[in-house]
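Q: Quick one: the structure is below, questions incoming.
Structure follows, in structure tokens:
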């Protein structure tokens, strides 16, 4: 069983702090990601959406539970719904001229031998929409903040 990887990169005009703020605020996800609803199932140890927090994200008939794990970026481990084991998602933000490069990568092992490519294909477009939606929403949030400050 080969470990499966999906990775997408998107660039936004927003600065890394704005992108990170959008990414950390789970309640914004339905506005920019292919997510229908968000619920905080368990708050984090030091802050509501910090390390240890468990987010419930629903998309269609699938409800997933992701736990925020310690890291220097936003990282999470998917803990339900998908037919995978050891799912890890990492979102890295890199300052670039005029904004931020977003790298959204996931890796997992299929639960059922031989299904890795099928599961990866099913998640591929979803992860692309996450990266693209985050880039777009962060740029819009930063533009709104600038207008309100003016």
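Numbering (the numbering used here), first residue to last: -19 to 130.
Where a beta carbon is used, it is the ideal one built from N, C-alpha and C, also for glycine.
Here the structure is a predicted model, which means the values were calculated and not measured.
Please state whether DSSP places residue 90 in a helix, a strand or coil.
A: As a working mapping, residue 90 is identified with position 110 in the chain shown. Reduced to three states, the DSSP call for residue 90 is strand.
Q: Grab the span of the beta strand (DSSP E) containing residue 102 for me, first residue to last.
A: Taking the chain shown and counting its residues from 1, the one referred to as residue 102 is at position 122. First-last for residue 102: 96 to 129, but that is the alpha helix (DSSP H), not the beta strand (DSSP E).
Q: The beta strand (DSSP E) with residue 75 in it runs from where to where?
A: For the purposes of this step, residue 75 is taken as residue 95 along the chain shown, with counting starting at 1. From DSSP, the beta strand (DSSP E) with residue 75 extends over 64 to 76.
Q: Hey, out of 84, 92, 119 and 121, whose CA is closest to residue 105's CA?
A: Counting from 1 along the chain shown, the entry for residue 105 is found at position 125. Residue 105 has its Cα closest to that of 84, out of 84, 92, 119 and 121.
Q: List the whole-angstrom C-beta distance separating residue 68 from residue 74, where the pair is believed to meet the contact cut-off of C-beta under 8 Å.
A: Counted from its first residue, the chain shown places residue 68 at position 88. Counted from its first residue, the chain shown places residue 74 at position 94. About 19 Å separates the two Cβ atoms, so there is no contact after all.
Q: Kindly indicate which residue of 118, 46 and -12 has the alpha-carbon position closest to the one of residue 23.
A: Against the chain shown, residue 23 aligns to sequence position 43. Measuring from the Cα of residue 23, the nearest candidate turns out to be 46.
Q: Take every Cβ of the stretch 105 to 119, pair it with every Cβ of the stretch 13 to 22, and state whether three or more of those distances are shorter than 8 Å.
A: Touching, yes.
Q: With distances taken from CA atoms, which of 52, 49 and 36 is nearest residue 60?
A: As a working mapping, residue 60 is identified with position 80 in the chain shown. Closest in C-alpha terms to residue 60, from the list 52, 49 and 36, comes 36.
Q: Grab me the residues of residue 78's own chain with a C-beta within less than 7 Å of its C-beta, minus the 5 sequence neighbours each way, in chain order.
A: Position 98 of the chain shown, counting from 1, holds the residue named residue 78. Once the five neighbours on either side are set aside, the close Cβ partners of residue 78 are -7.
Q: So, are the CB atoms of residue 44 and residue 58 less than 8 Å apart?
A: On the chain shown, residue 44 is found 64 positions in, with the first residue counted as 1. On the chain shown, residue 58 is found 78 positions in, with the first residue counted as 1. Contact flag set, yes.
Q: Go ahead and label residue 27 buried or exposed: buried means 16 or more other beta carbons lie within 10 angstroms of its beta carbon, across all protein chains shown.
A: One-based indexing of the chain shown puts residue 27 at position 47. Per the 10 Å Cβ criterion, exposed.
Q: Using a 10 Å radius around the Cβ and a threshold of 16 neighbouring Cβ atoms, would you call residue 94 buried or exposed?
A: As a working note, residue 94 is residue 114 in the chain shown. By the 16-neighbour rule on beta-carbons within 10 angstroms, residue 94 is exposed.
Q: How far does the beta strand (DSSP E) with residue -8 in it reach, from first residue to last?
A: Taking the chain shown and counting its residues from 1, one reaches residue -8 at position 12. First-last of the beta strand (DSSP E) with residue -8: -16 to -8.
Q: Which same chain residues end up closer than 8 Å to residue 122 when comparing Cβ atoms and leaving out the 5 residues on each side of it in sequence?
A: What you label residue 122 is simply residue 142 of the chain shown in a count that begins at 1. Hits under 8 Å: -7, -6, -5 and -2.
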